[in-house]
Amino acid sequence: MKYLSGIIFCCSLILFFSVYVSPEYFPYVGLLPFFIPVIWLINLFLLFILTLSWKRTALLHLAALIIGYKFALITFQIHPKKENAEGLKVLSYNAHLFDYKRTEEGKFDPNVFTWLQEHPADIKVFQEFYQDYTSASRNAVKLLGKDSDFETSYQVIEGNPEKRSYGLAIFSRYPIIHEGKVFDKSGTNGAIFADILYNSDTIRIYNAHLESMRINSSGLEDLDGVRENYRQTLGKLHRGSLERSKQLNVLVEHFQNSPHPVILMGDLNEVPYSYTYFKLSETMENAFEKAGNGFGFTYNKVLFFLRIDHIFSTKEFEAVAFKTHREVDYSDHYPISATFTFK
Numbered sequence: 160m161k162y163l164s165g166i167i168f169c170c171s172l173i174l175f176f177s178v179y180v181s182p183e184y185f186p187y188v189g190l191l192p193f194f195i196p197v198i199w200l201i202n203l204f205l206l207f208i209l210t211l212s213w214k215r216t217a218l219l220h221l222a223a224l225i226i227g228y229k230f231a232l233i234t235f236q237i238h239p240k241k242e243n244a245e246g247l248k249v250l251s252y253n254a255h256l257f258d259y260k261r262t263e264e265g266k267f268d269p270n271v272f273t274w275l276q277e278h279p280a281d282i283k284v285f286q287e288f289y290q291d292y293t294s295a296s297r298n299a300v301k302l303l304g305k306d307s308d309f310e311t312s313y314q315v316i317e318g319n320p321e322k323r324s325y326g327l328a329i330f331s332r333y334p335i336i337h338e339g340k341v342f343d344k345s346g347t348n349g350a351i352f353a354d355i356l357y358n359s360d361t362i363r364i365y366n367a368h369l370e371s372m373r374i375n376s377s378g379l380e381d382l383d384g385v386r387e388n389y390r391q392t393l394g395k396l397h398r399g400s401l402e403r404s405k406q407l408n409v410l411v412e413h414f415q416n417s418p419h420p421v422i423l424m425g426d427l428n429e430v431p432y433s434y435t436y437f438k439l440s441e442t443m444e445n446a447f448e449k450a451g452n453g454f455g456f457t458y459n460k461v462l463f464f465l466r467i468d469h470i471f472s473t474k475e476f477e478a479v480a481f482k483t484h485r486e487v488d489y490s491d492h493y494p495i496s497a498t499f500t501f502k
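In terms of the working numbering, the sequence shown has 204 at position 45, counting the first letter as 1, and numbering is strictly consecutive.
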């Protein structure tokens with residue numbers, strides 16, 4: 160048994176430290192962190208069993224859990240709920256082009272705009288944002304901007320800017336004094352920013368949608384589907400993690416040169432056990448870790464256990480509330496919101 164414990168301990172160290180290695184420098188290292196929850200639970204189980212048996216090898220598993228304690232903290236949180244917390248309220252949402260209901264049920268649901276208009280966030284950012292100037296019911300810039308007394312920063316990635324297009328958007332109750340695009344690529348992925356005059360301070364908001372995983376989740380609903388798609392899925396995960404690490408380098412360099420405090424939000428397509436997440440955590444704090452509750456899963460499909468939408472902030476901010484809006488079923492992602500105060 161001691162040999163098995165030794166092997167598991169060594170595997171644990173490899174997995175725990177894999178989050179600090181960029182997929183650009185070590186092929187397929189981006190796949191290793193997906194096994195971290197499994198190895199963590201194995202260590203917990205063996206610690207319990209071996210402790211009951213009074214085996215010294217239990218200390219190896221205890222050491223592994225202590226070394227990997229951070230992964231437990233980023234997975235599950237317990238904080239007092241503060242529904243009415245005062246401060247700067249922000250919202251991030253992958254809107255699925257506001258077309259999810261029609262894809263699933265065959266009809267467009269305008270209630271998504273009603274919910275977003277009524278949400279009290281001061282700043283709202285959207286990934287996979289669809290804009291249609293030819294249709295009053297799909298004119299999202301007008302519905303969420305002018306009609307709601309919000310200023311708008313909309314950066315087109317593809318489409319006709321004067322008719323129908325999609326991209327990334329930032330809406331603000333406060334004045335937007337500067338805006339721009341960090342990067343974009345064919346499709347809906349990219350990153351934008353807006354400098355916002357908040358009271359007497361200027362803050363910078365980033366809205367990022369990193370390279371998608373492009374997993375055919377419907378093909379993983381049963382054992383046969385897993386057997387047929389696992390090779391293709393692993394390949395997509397590898398290519399996605401490699402592309403996201405490159406995009407992350409551009410994004411990190413940009414916000415490190417920001418003259419203002421930063422809040423970064425969006426669909427990063429990365430679970431907490433990833434190089435991207437830990438790289439951002441070196442200089443920023445995650446709102447879920449500071450004020451969230453439960454597991455905070457944000458994906459609204461068969462892979463429901465994924466938390467891939469995130470809100471980070473630099474040290475000038477303190478997250479006092481965080482919520483995953485699992486009651487909102489208008490996309491394949493759930494909206495997330497947070498409330499910040501200045502430290």
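All C-beta atoms, glycine included, are put in the ideal place defined by N, C-alpha and C.
- By the Cβ neighbour-count rule, Gly265 is exposed, with fewer than 16 other Cβ atoms within 10 Å of its own.
- Secondary structure note for Ala254: it is in no alpha helix (DSSP H), with a DSSP letter that is neither H nor E.
- For Gly425, the enclosing beta strand (DSSP E) stretches over residues Val421 to Asp426.
- The Cβ atoms of Gln236 and Asn452 sit closer than 7 Å to each other.
- For secondary structure counted as the beta strand (DSSP E) over 3 or more consecutive residues, the stretch 449–486 holds these complete runs in sequence order: 468–472 and 476–483.
- The alpha-carbon of Phe272 is positioned some 13 Å away from that of Phe330.
- Distance from Gly399 to Ser371 at the Cβ level is roughly 7 Å; contact confirmed, criterion being Cβ atoms closer than 8 Å.
- Distance from the CA of Leu190 to the CA of Leu396, rounded to the nearest whole angstrom, comes to 7 Å.
- Taking Lys482 as reference, the option from Phe176, Lys240, Ile351 and Gly318 with the minimal CA-CA separation is Lys240.
- DSSP places Thr293 in no alpha helix (DSSP H); its state is neither H nor E.
- Only buried fits Met424, as 16 or more other CB atoms lie within 10 angstroms of its CB.
- Within the model, the alpha-carbon separation for His368 versus Asn428 is close to 8 Å.
- Closest in alpha carbon position to Ser496, among Leu407, Leu302, Lys283 and Arg215, is Lys283.
- Between Pro182 and Val188, the C-beta gap is smaller than 7 Å, which places the two residues in contact.
- In this structure, the CA atom of Leu247 is about 17 Å from the CA atom of His469.
- Collapsing the DSSP output to three states places Asp343 in a strand.
- Taking a contact as a CB-CB distance under 8 Å, the pair His220 and Ser164 counts as one, their CB atoms being some 7 Å apart.
- In this chain, the alpha helix (DSSP H) harbouring Ala223 covers Ala217 to Ile226.
- The secondary-structure analysis by DSSP pairs Phe501 across a beta bridge with Phe476.
- According to the DSSP assignment, Gln276 belongs to the alpha helix (DSSP H) that extends over Asn270 to Glu277.
- Annotated three-state conformation of Gly304 is coil, per DSSP.
- Contact between Val421 and Ser472 is confirmed by a C-beta separation of about 7 Å, below the 8 Å threshold.
- In this structure Glu402 is buried. Its beta-carbon is surrounded by 16 or more other beta-carbon atoms within 10 angstroms.
- In the structure shown, the three-state DSSP call for Gly246 is coil.
- Between the alpha carbons of Leu275 and Phe464 lies a distance of about 24 Å.
- Distance from the CA of Ser307 to the CA of Cys169, rounded to the nearest whole angstrom, comes to 55 Å.
- In this structure, the CA atom of Lys344 is about 12 Å from the CA atom of Lys405.
- In the three-state reduction of the DSSP assignment, Val180 falls in the coil class, being assigned neither a helical nor a strand state.
- When the alpha-carbon of Thr216 is set against those of Asn202, Ala280 and Leu439, the nearest one is in Asn202.
- Residue Val249 holds the alpha-carbon nearest to the alpha-carbon of His484 among Asn408, Ala231 and Val249.
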